[in-house]
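The next block holds one structure in the form of structure tokens; read it before the comments.
Chains as they are written, first to last, in my numbering: chain A, -13 to 147; chain B, -13 to 147.
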């Protein structure tokens, strides 16, 4: 059945970021709509942000195109040029390799949500704009390091596991 | 600037279907949001349907994943299983190679719109469920034929050019 029953799709919480950086995921939940509907070539997620929550750490992708459309409330797109308020129906694009780090933050006092599309590629490298961290992804999973490839430090990620 | 100014993105009309089949495009207009924002790995279009209009002839893709989210009004998804009403926020997925032909039709008396995502692939084959037609796409463009590869007939496409 192509039409999705959104009431039956699990809401995921938490964060894949290491150590204390995982706190960035607080207040964010998401449904993997594309996965639920059998898509494999790109991911489509519906992401909800409680007041104060962020979509992610500010980042950009080297190999994967990204698209967002706000579907509820007000999201603030933060990129190298500052803050940009986005309301339902507003869209933004982040072409692969464009080194303009971005994330969406709910600076309002009401819930907000957006749809996000990202290409699935065999490998990927992402860079975080506000901290010395990068992520490399391949078939074995994700690896977070400093941008020179050296391990993240306790100062960056704390002693949390 | 990642945030798109939708008021500045051209609305396209018309149809790429041959001959009289192009009438299928009447009442439909679309904005190529992904192209406008520099995305190349998948297309993202916002499609408006006037009352009575259809997204396309009923079809399925062999190589490209497709995703839709209704953003305005009521769209009726028609597939092999019949009619499925979709309202704003409702989503549907059409994995590559799933031979369940589909299209969206505005059966209401008010405007409707949806967001659609489709992978960009070097080649593609599409099949039309209700008529004897297929389309093959490569770097040279599109070619419409009968499903056995023979030319479409005047009975199918008329004498219009």
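Ideal placement from N, C-alpha and C gives every residue a C-beta, glycine not left out. None of these values were measured; they are calculated from a predicted model.
Taking Cβ positions, are residue 31/A and residue 101/A nearer each other than 9 Å?
For the purposes of this step, residue 31/A is identified with residue 45 of the first chain, where counting begins at 1. For the purposes of this step, residue 101/A is identified with residue 115 of the first chain, where counting begins at 1. Yes, they are a contact pair.
For the beta strand (DSSP E) containing residue 123/A, name the first residue and the last one.
If you number the first chain from 1, residue 123/A lands on position 137. Element bounds for residue 123/A: 119 to 124.
Check whether the stretch 36 to 43 of chain B and the stretch 111 to 126 of chain A touch, using three or more Cβ-Cβ pairs below 8 Å as the test.
Touching, no, given that fewer than three Cβ pairs across the two stretches are closer than 8 Å.
List the residues of chain B that residue 53/A touches, going by C-beta distances under 7 Å, in chain order.
Position 67 of the first chain, counted from the first residue, corresponds to residue 53/A. In chain order: 20, 25, 30.
Give me the chain A residues within the contact set of residue 89/B, using Cβ-Cβ distance strictly less than 9 Å, ordered along the chain.
Here the question's residue 89/B lines up with position 103 in the second chain. Those within 9 Å of residue 89/B in chain A number zero; the least Cβ separation is about 11 Å.
Would you say residue 78/B and residue 63/B are within 9 Å of each other, going by their C-beta atoms?
Stepping through the second chain from its first residue, residue 78/B is reached at position 92. Stepping through the second chain from its first residue, residue 63/B is reached at position 77. The answer is yes: Cβ separation under 9 Å.
Nearest to residue 144/B by alpha carbon, out of -12/B, -4/B, 5/B, -1/B?
Walking along the second chain from the start, residue 144/B turns up at place 158. Closest option to residue 144/B, Cα to Cα, is 5/B.
What residues in the stretch 102 to 114 of chain A bring their beta carbon closer than 7 Å to a beta carbon of chain B?
Correct list: 103, 105.
Excluding the five sequence neighbours on either side, which residues of its own chain have a C-beta within less than 6 Å of the C-beta of residue 49/A, listed in chain order?
In the first chain, residue 49/A corresponds to position 63, counting from 1. For residue 49/A, where only same-chain residues beyond five positions count, the Cβ hits under 6 Å are 82, 107, 110.
Please confirm if residue 72/B has its CB atom under 9 Å from at least one CB of chain A.
Start at 1 with the first residue of the second chain, and residue 72/B comes out as number 86. Yes, residue 72/B lies at the interface with chain A (some Cβ there is under 9 Å from its Cβ).
Can you name, in chain order, every residue of its own chain whose Cβ lies under 7 Å from the Cβ of residue 128/A, other than the five neighbours on each side?
Working through the first chain from its first residue, we reach residue 128/A at position 142. Result list for residue 128/A: 2, 121, in chain order.
Can you list, in chain order, the residues of its chain with a C-beta nearer than 7 Å to that of residue 15/B? Leave out the 5 residues immediately preceding and following it.
Residue mapping note: residue 15/B aligns to position 29 of the second chain, counting from 1. Same-chain partners within the cutoff: -3, -2, -1, 34.
Beta-bridge pairing of residue 107/A - partner residues as DSSP gives them
Numbered from 1 along the first chain, position 121 holds the residue referred to as residue 107/A. Answer is none; residue 107/A lacks a bridge partner.
Rounding to the nearest angstrom, what Cα-Cα distance links residue 134/B and residue 142/B in this structure?
Mapped onto the second chain, residue 134/B falls at position 148. Mapped onto the second chain, residue 142/B falls at position 156. Each residue's Cα considered, the two are about 15 Å apart.
How long is the line joining the alpha carbons of residue -5/A and residue 105/B, rounded to whole angstroms?
Position 9 of the first chain, counted from the start, is the residue given in the question as residue -5/A. Position 119 of the second chain, counted from the start, is the residue given in the question as residue 105/B. Near 23 Å, if we compare the C-alpha coordinates of residue 105/B and residue -5/A.
Helix or strand or just coil, what does DSSP make of residue 92/B?
Here residue 92/B refers to the residue found at position 106 when the second chain is read from its first residue. Here residue 92/B sits in coil by DSSP.
Inside the stretch 15 to 88 of chain A only - beta strand (DSSP E) runs reaching at least 3 residues:
Taking 3 residues as the shortest admissible run, the stretch 15 to 88 of chain A contains the following complete beta strand (DSSP E) segments, listed from N- to C-terminal end: 28 to 35, 45 to 47, 52 to 58, 61 to 65, 68 to 72, 77 to 80.
Which partner residues of residue 101/B appear in the DSSP bridge assignment?
The count along the second chain starts at 1 and reaches residue 101/B at position 115. Paired residues: 32/B, 55/B.
Residue from 115/B, 131/B, 26/B, -10/B whose Cα sits closest to the Cα of residue 67/B
Locating residue 67/B in the second chain gives position 81, counting from the first residue. The residue with the shortest Cα to Cα distance from residue 67/B is 115/B.
Listed in chain order, which residues of the stretch 73 to 85 of chain B have Cβ atoms closer than 9 Å to some Cβ of chain A?
74, 75, 76, 77, 78, 79, 80, 81, 82, 84
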